[in-house]
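Novice:
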Amino acid sequence: MATLRPRDIYSWFSYDLALFVCVLNPIKIILFMEMYHRIFKEAANTRVNLSKVMYHLTAVGERISIDLELMFKQLILITPLFVPIGIFSMRRSNIITIFSVVSTCAVYLVQINVT
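Numbering follows the numbering used here, with no gaps: position 98 of the sequence shown is 98.
#1: Using three-state DSSP, classify Ser14 as helix, strand or coil.
#2: Determine the contact status of Leu75 and Arg38, defining contact as a CB-CB distance below 7 Å.
#3: Which runs of the alpha helix (DSSP H) at least 4 residues long sit entirely within the stretch 23-92? Give them in chain order.
#4: Answer yes or no: do Met35 and Ile95 have a C-beta to C-beta separation smaller than 7 Å?
#5: Counting only C-beta atoms, is Met33 closer than 7 Å to chain D at any point?
#6: Ignore the nearest five residues each way along the sequence and tell me which others in Ile30's own chain have a CB closer than 8 Å to its CB.
#7: Return the CA-CA distance between Leu81 and Lys41, expressed in angstroms with no decimal places.
#8: Alpha carbon to alpha carbon, what distance is there between Asn49 and Val83?
#9: Measuring straight from C-alpha to C-alpha, what distance separates Leu24 and Leu77?
#10: How big is the Cα-Cα spacing for Ile98 and Leu19?
Quick look at the structure:
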């Protein structure tokens, strides 16, 4: 009967912990990016709906309401962007690229260790 030594238990614990961290952090990033994507999408929908309201509420030859015009300008000028450290914008495509590069590197490392 094989007995487990403390060293074996710690090595399995460290593998489990590393796997947990490697799974938890991408899940957090994916959930955060989904929330950001929905905020960006809602801002775009609000901009479209406001332009429709401005079009249908103003008669030909009349001036647009000051409140509507101000809100429309603010929506255009202030777009919700998530740019960490001002380097690049975090979008779904960027996150997918980062995950694919990391997973490719992990596959290469596993293949090198197996052979």
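All C-beta atoms, glycine included, are put in the ideal place defined by N, C-alpha and C.
Specialist: If we stick to the structure as given:
#1: Residue mapping note: residue 14 aligns to position 14 of the sequence shown, counting from 1. In this structure, Ser14 counts as helix in the three-state DSSP scheme.
#2: The residue labelled residue 75 in the question sits at position 75 within the sequence shown. The residue labelled residue 38 in the question sits at position 38 within the sequence shown. For Leu75 and Arg38, no; Cβs fall outside 7 Å.
#3: 66-77
#4: Position 35 of the sequence shown, counted from the first residue, corresponds to residue 35. Position 95 of the sequence shown, counted from the first residue, corresponds to residue 95. Not in contact: Met35 and Ile95 (Cβ atoms no closer than 7 Å).
#5: No chain D appears in the structure shown, which is made up of a single protein chain.
#6: Counted from its first residue, the sequence shown places residue 30 at position 30. Beyond the five residues adjoining it in sequence on each side, Ile30 comes within less than 8 Å, by CB distance, of Ile95 in the same chain, given in chain order.
#7: As a position in the sequence shown, residue 81 is number 81, starting the count at 1. As a position in the sequence shown, residue 41 is number 41, starting the count at 1. Using only the alpha carbons, I get a separation of about 11 Å.
#8: Position 83 of the sequence shown, counted from the start, is the residue given in the question as residue 83. Position 49 of the sequence shown, counted from the start, is the residue given in the question as residue 49. Their Cα atoms are separated by approximately 26 Å.
#9: Here residue 24 corresponds to residue number 24 of the sequence shown, with the count starting at 1. Here residue 77 corresponds to residue number 77 of the sequence shown, with the count starting at 1. If you take the alpha carbons of Leu24 and Leu77, they lie about 36 Å apart.
#10: Counting from 1 along the sequence shown, the entry for residue 98 is found at position 98. Counting from 1 along the sequence shown, the entry for residue 19 is found at position 19. One C-alpha to the other measures close to 18 Å.
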